[in-house]
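Q: I'd like to ask some things about the structure below.
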Amino acid sequence: MDSIRSKKTTLIDILSTDASFILQHVQRENLITGREYKNLYSMSQNGEKTTIELLDKMMNKGDDHCKRFISMLRESEIVGTFPALKELLNPQENVPHQEIAQAATDNPDNNSDSAYKMVNNPRGLCIIINNVNFQKLSTRNGSSEDADALEQVFTWLNFKVECHKDLTKDKMKSVVQEGSQRADGDCFVCCVMSHGETNGVLGCDSEVVTVEEMITPLKGNNCPRLAGKPKLFFIQACRGRLFQNEARIQADSSREDNQGLEMDAYPGEIISIPADADFLVSMATVNEYFSFRNSKTGSWFIQSLCKRLREGILRGDDILTILTYVNDDVSREEGLIRGKRAKQVPDQSFRLRKRLFFPVPDSPDL
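When the letters of the sequence shown are read in order and numbered with UniProt numbering, they come out as residues 1 to 366.
See the structure below:
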């Protein structure tokens with residue numbers, strides 16, 4: 001509550017320049033009810049009055065709402081609209097520096113046999129494959145925003161990050177294979193963004209690389225140096241051509257007609273996740289369904305993943321807790337495409353044997 005009260009005057013000056021924009025984000029985060037949104041929106045022509053009312057509502061709702069509101073204001077899309085927020089806010093807000101520094105070590109599971117060790121610096125290798133341009137398929141506009149966000153957050157986490165763009169099927173396989181031979185440290189991360197089928201993702205030559213083919217080089221018998229260590233795959237791609245059915249609990253904001261919404265789709269077969277231990281495969285959507293990407297701001301899945309990693313690591317959350325927040329974020333998103341409502345929920349498949357915590361970086365400020 002004090003985090004808003006102490007900065008209220010400055011926040012009013014900043015946010016009142018585009019009150020309707022901030023209202024849309026507040027509703028999307030479920031910080032206000034539909035009725036409250038309508039009442040505030042009706043006065044949005046008076047930006048200062050709307051902002052004052054909004055900040056008062058946040059403070060009246062308690063500390064949790066205030067913290068969530070401040071966290072929302074740090075999102076890149078909002079800071080891009082209100083650059084002055086970058087100087088006003090920082091990731092340490094509401095978390096004292098000493099508390100941030102001890103966030104991971106204070107968790108009783110974090111330094112025990114029930115958690116993976118994360119002591120090396122760099123933590124490990126992070127490979128980012130971003131396929132944007134295809135020989136036979138549409139350009140994946142907005143994917144570069146996802147790649148930039150991933151590179152930023154995993155660099156912040158002290159990974160050695162390697163970025164690759166527009167790879168064929170064979171080149172994708174060789175990049176992962178070569179990476180497995182060089183990988184060391186405590187963890188391996190591979191992020192892939194492309195068009196997809198139900199059994200894998202596509203190279204820029206429109207040939208399919210199955211998830212099994214990407215994972216096999218990292219298995220314990222093929223990569224002894226990573227045996228017993230966590231190997232994480234984050235994949236943004238469609239897995240079919242079906243739309244998610246909508247089970248409406250509360251109306252989400254459809255603040256735009258989502259004309260910039262695109263799908264990473266291509267038909268195919270059924271995916272399988274290998275039984276080997278210490279793997280986590282986080283898919284943007286469940287099998288046989290579309291995943292969605294905004295042509296300007298990036299995909300629902302990757303943008304939420306990066307946001308939740310930044311926030312959760314400062315709190316000392318483990319990776320599965322963070323991915324649960326991602327599931328919730330993405331499931332709340334809604335848009336229109338081809339005249340149909342677009343909904344999505346990610347699919348988390350893991351065979352981790354221990355809890356995985358990423359240590360808080362030396363500089364908590366991303």
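Where a beta carbon is used, it is the ideal one built from N, C-alpha and C, also for glycine.
May I ask which residues mark the beginning and end of the beta strand (DSSP E) holding Ile313?
A: Here Ile313 belongs to no beta strand (DSSP E); instead the alpha helix (DSSP H) covers 300-315.
Q: Quick check on DSSP: helix, strand or coil for Asp347?
A: DSSP places Asp347 in strand when its eight states are reduced to three.
Q: Look at the alpha carbon of Phe350 and the alpha carbon of Ile322, and state the distance between them as a whole number of angstroms.
A: Distance between the alpha carbons of Phe350 and Ile322: 14 Å.
Q: Buried or exposed, going by whether 16 or more other CB atoms sit within 10 Å of the CB of Asp184?
A: Counting Cβ neighbours within 10 Å, Asp184 comes out exposed, since fewer than 16 surround it.
Q: Threshold first: 3 residues or longer. Then list the beta strand (DSSP E) segments lying entirely within the UniProt domain "Caspase family p20" (122-242), N to C.
A: Segments of the beta strand (DSSP E) lying fully in the UniProt domain "Caspase family p20" (122-242): 124-130, 160-165, 187-193, 200-202, 208-210, 231-236, 240-242.
Q: Just to confirm, are Leu31 and Met58 a CB contact at a threshold of 8 Å?
A: Yes. Within cutoff.
Q: So, using beta-carbon positions, are Asp276 and Lys219 closer together than 8 Å?
A: Their beta carbons are under 8 Å apart, which means Asp276 touches Lys219 by this criterion.
Q: Helix, strand or coil: how does DSSP classify Val26 here?
A: The answer is helix: DSSP assigns Val26 an H, G or I state.
Q: Count the other CB atoms within 10 Å of the CB of Thr50; is the residue buried (16 or more) or exposed (fewer)?
A: Thr50 is buried by the Cβ-count criterion.
Q: Pairing CB atoms from the region 115-135 with CB atoms from the region 176-192, are three or more of them under 8 Å?
A: Segments in contact, yes.
Q: Helix or strand or just coil, what does DSSP make of residue 391?
A: There is no way to answer for residue 391, as the model of the chain reaches only from 1 to 366.
Q: Do Lys117 and Asp186 have their C-beta atoms closer together than 8 Å?
A: Taking 8 Å as the Cβ cut-off, Lys117 and Asp186 qualify as a contacting pair.
Q: What would DSSP say about Ser76, mapped onto helix, strand or coil?
A: Residue state, collapsed to three classes: helix.
Q: Taking the straight line between their C-alpha atoms, what separation do you get for Phe82 and Val26?
A: Taking the straight line from one Cα to the other gives about 15 Å.
Q: Can you give the Cα-Cα distance for Ser44 and Gln24, rounded to whole angstroms?
A: The alpha-carbon atoms of Ser44 and Gln24 are separated by roughly 11 Å.
Q: Following the continuous beta strand (DSSP E) through Leu280, name the residue where it begins and the one where it ends.
A: Counting along the chain, the beta strand (DSSP E) containing Leu280 begins and ends at 279-283.
Q: Rounded to whole angstroms, how far is the Cβ of Ile235 from the Cβ of Met283, which I believe are closer than 8 Å?
A: Correct: roughly 5 Å between the Cβ atoms.
Q: What's the gap between the Cα of Val211 and the Cα of Gly200?
A: Whole-angstrom Cα-Cα distance: 5 Å.
Q: Taking one C-beta from the region 137-157 and one from the region 300-320 each time, how about it: are there three or more such pairs within less than 8 Å?
A: A contact exists between the region 137-157 and the region 300-320.
Q: With 16 as the cutoff for other CB atoms within 10 Å, does Asp170 come out buried or exposed?
A: Classification for Asp170: exposed.
Q: Quick one: using the 10 Å Cβ neighbour count with 16 as the cut-off for buried, is Gly34 buried or exposed?
A: It counts as exposed.
Q: Per DSSP, which residues does Ala115 bridge with? Please list them.
A: Answer by DSSP bridge pairing, in chain order: Arg355.
Q: Note down the Cα distance separating Cys66 from Ile4, rounded to an integer number of angstroms.
A: Approximately 7 Å, taken between the alpha carbons.
Q: Could you check the C-alpha separation between Ala237 and Ser6 for me, to the nearest Å?
A: Approximately 43 Å between the Cα atoms of the pair.
Q: Looking at the secondary structure, which residues open and close the alpha helix (DSSP H) in which Ser44 lies?
A: That residue, Ser44, is in no alpha helix (DSSP H); it is neither H nor E in DSSP.
Q: Do Lys173 and Val209 have their beta-carbon atoms positioned less than 8 Å apart in this structure?
A: In contact: Val209 and Lys173 (Cβ atoms closer than 8 Å).
Q: What distance in whole Å lies between the Cβ atoms of Val281 and Asp233, which are believed to be in contact at a cut-off of 8 Å?
A: One detail in the question is off: residue 233 reads as Phe in this sequence, not Asp. Confirmed, about 5 Å.
Q: Can you tell me the Cα-Cα spacing of Pro346 and Val175, whole angstroms?
A: Going from the Cα of Pro346 to the Cα of Val175 covers about 25 Å.
Q: Spatial neighbours of Phe279 within its chain, please: C-beta separation below 6 Å, excluding the five flanking residues on both sides.
A: So the qualifying residues of the chain are Lys231, Arg351.
Q: Where Leu314 and Leu73 are concerned, what is the direct C-alpha to C-alpha distance, given to the nearest angstrom?
A: Each residue's alpha carbon lies about 16 Å from the other.
Q: By a C-beta neighbour count over all protein chains shown, 10 Å radius and 16 as the cutoff for buried, is Asn158 buried or exposed?
A: Looking at its Cβ environment, which holds 16 or more other Cβ atoms inside 10 Å, Asn158 is buried.
Q: Assuming Thr155 and Cys204 make a contact with CB atoms under 8 Å, what is their CB distance in whole Å?
A: That belief does not hold up - the Cβ atoms of Thr155 and Cys204 are roughly 25 Å apart, past 8 Å.
Q: So the alpha helix (DSSP H) Thr33 belongs to, where does it begin and stop?
A: Segment: none, Thr33 is in no alpha helix (DSSP H) and carries neither H nor E.
Q: If you draw a straight line from the alpha carbon of Ser76 to that of Gln152, how long is it in whole angstroms?
A: The alpha-carbon atoms of Ser76 and Gln152 are separated by roughly 12 Å.
Q: Ile302 to Glu162, Cα distance in whole Å?
A: Whole-angstrom Cα-Cα distance: 17 Å.
Q: Distance, Cα to Cα, Asn133 vs Gly298?
A: So the alpha carbons of these two residues sit roughly 15 Å apart.
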